[in-house]
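Residue numbers (the working numbering): 24 to 348. In what follows, a structure is listed as structure tokens, so that the remarks can point back to it.
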Ligand code: PEP
Ligand code: MG
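Here it is as structure tokens:
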């Protein structure tokens with residue numbers, strides 16, 4: 024079975040009615056990139072850079088980061104590399120940096136909030152990413168965006184980093200695209216406004232589910248309430264997809280739910296063109312893509328939006344493929 028699946032690594036990811044769905048990878052190291060490429064990943068949709076910061080005793084220097092980003096870009100041979108800026112805080116701490124004690128770390132000083140407070144560290148990372156952009160199709164992604172102001176402030180630091188490099192005569196591309204993670208309900212609510220300010224959206228369902236349903240994603244006692252098929256969640260994803268499509272910017276899904284084959288009709292039905300998955304999820308999802316019809320998914324999606332409970336929604340999505348097969 025594994026061998027059969029492995030043969031699909033080279034096969035294009037297209038439905039029976041000719042709709043392409045790009046299957047990119049979520050990675051947090053060069054080692055994970057190797058595994059993803061072996062499974063036929065079409066680029067990296069989410070490079071979680073925090074692991075570069077966690078695996079050492081000091082903040083990684085610009086050169087240390089540049090080396091890693093450059094190698095990743097080169098290994099991808101022109102396929103996209105979406106580098107997410109530091110998403111520290113929450114459950115991810117650094118041994119060498121004392122974060123404030125917080126009652127609610129997931130709602131605290133983390134991700135883009137940390138970067139905008141520590142612009143020195145943020146700029147170091149952006150400079151490293153910009154330098155690596157000469158070696159491939161590199162994109163920048165900001166995590167935990169909740170407002171247009173945050174995007175503008177982050178882009179100002181990006182513009183400064185670019186100016187500095189140009190002034191220093193350091194090679195970098197000047198057309199590197201910057202997009203955002205949509206993973207906070209506020210960002211969903213203002214998706215139409217954000218779409219006008221950024222180059223792309225990537226929906227981070229792990230956090231979006233946590234914040235929308237008010238269910239701590241780490242808390243086992245309430246894990247049964249962590250429900251990707253909740254009618255609220257599929258509606259939020261639809262809102263974001265519609266806003267992106269109206270503005271003509273790409274939208275992808277990069278949370279764990281992207282790897283659930285039963286959710287595939289949702290993406291195909293909404294016209295989402297890119298999924299970003301863990302390396303192990305790529306081939307099983309591709310297998311399902313190859314036997315799917317986008318037209319059937321669109322029909323199913325209409326029915327999914329008529330469901331009133333998570334259970335109904337999930338059951339209908341699960342039945343769908345069993346029947347189609
Ligand atoms: C997410 O929140 O869905 C996501 C992809 O990012 P992370 O799991 O790193 O928070
Ligand atoms: Mg997240």
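In this text, a Cβ means the ideal position worked out from N, Cα and C, and glycines have one as well. Just so you know, these numbers come straight off a predicted model, no measurement behind them.
Item, Value
"Straight-line gap, residue 292 to residue 41 (C-alpha atoms, nearest Å)", "14 Å"
"Boundaries (first-last residue) of the beta strand (DSSP E) holding residue 31", "Counting along the chain, residue 31 falls outside any beta strand (DSSP E), and DSSP gives it neither H nor E."
"Buried or exposed by the 16-neighbour rule on C-beta atoms within 10 Å, applied to residue 245", "exposed"
"heavy atom of the ligand PEP below 7 Å from residue 227 C-beta", "yes"
"Own chain, CB closer than 6 Å to residue 58, minus 5 neighbours either side, in chain order", "302"
"Span separating the alpha-carbon of residue 173 from that of residue 27", "46 Å"
"Residue 204 Cβ short of 7 Å to the ligand MG heavy atom set", "yes"
"Check whether residue 106 and residue 161 have beta carbons under 8 Å apart", "yes"
"Same chain, Cβ closer than 7 Å to residue 268, neighbours up to 5 away in sequence not counted", "294"
"Heavy atom of the ligand MG within 7 Å of residue 230 beta-carbon", "yes"
"Expected contact under 8 Å - CB spacing of residue 51 and residue 71 to nearest Å", "4 Å"
"Distance cut-off 7 Å: residue 278 Cβ against heavy atoms of the ligand FAD", "As far as ligands go, the structure on display features the ligand PEP and the ligand MG and does not contain the ligand FAD."
"Closer than 7 Å: residue 110 CB and nearest the ligand PEP heavy atom", "yes"
"Contact under 8 Å by Cβ, residue 198 with residue 270", "no"
"Complete runs of the beta strand (DSSP E) confined to the region 209–267 [at least 3 residues]", "224–226"
"Span separating the alpha-carbon of residue 36 from that of residue 314", "10 Å"
"Where the alpha helix (DSSP H) containing residue 76 begins and where it ends", "73–77"
"From 284, 222, 111, residue whose alpha carbon lies closest to that of residue 130", "111"
"Distance CB(residue 206)-CB(residue 239) smaller than 8 Å", "no"
"Chain-order list of residues whose beta-carbon lies under 8 Å from that of residue 74 (same chain, five-residue window excluded)", "51, 52"
"Start-end ranges of the alpha helix (DSSP H) lying completely within the region 119–181, minimum 4 residues", "134–140, 142–155"
"Reduced DSSP category for residue 107 - H, G, I as helix; E, B as strand; rest coil", "strand"
"Alpha-carbon to alpha-carbon, residue 187 and residue 324", "48 Å"
"Minimum C-alpha distance to residue 164 - residue among 115, 223, 196", "223"
"Sequence ranges, beta strand (DSSP E) only - wholly within the region 263–319, length at least 3", "274–276, 297–300"
"beta-carbon residue 166 near the ligand MG non-hydrogen atom, thresh 7 Å", "yes"
"Segment contact, 8 Å Cβ cut-off, at least three pairs: the region 305–312 with the region 257–264", "no"
"Cα-Cα separation, residue 85 to residue 146", "9 Å"
"Whole-number beta carbon distance between residue 228 and residue 305, since they are thought to touch under 8 Å", "That belief does not hold up - the Cβ atoms of residue 305 and residue 228 are roughly 17 Å apart, past 8 Å."
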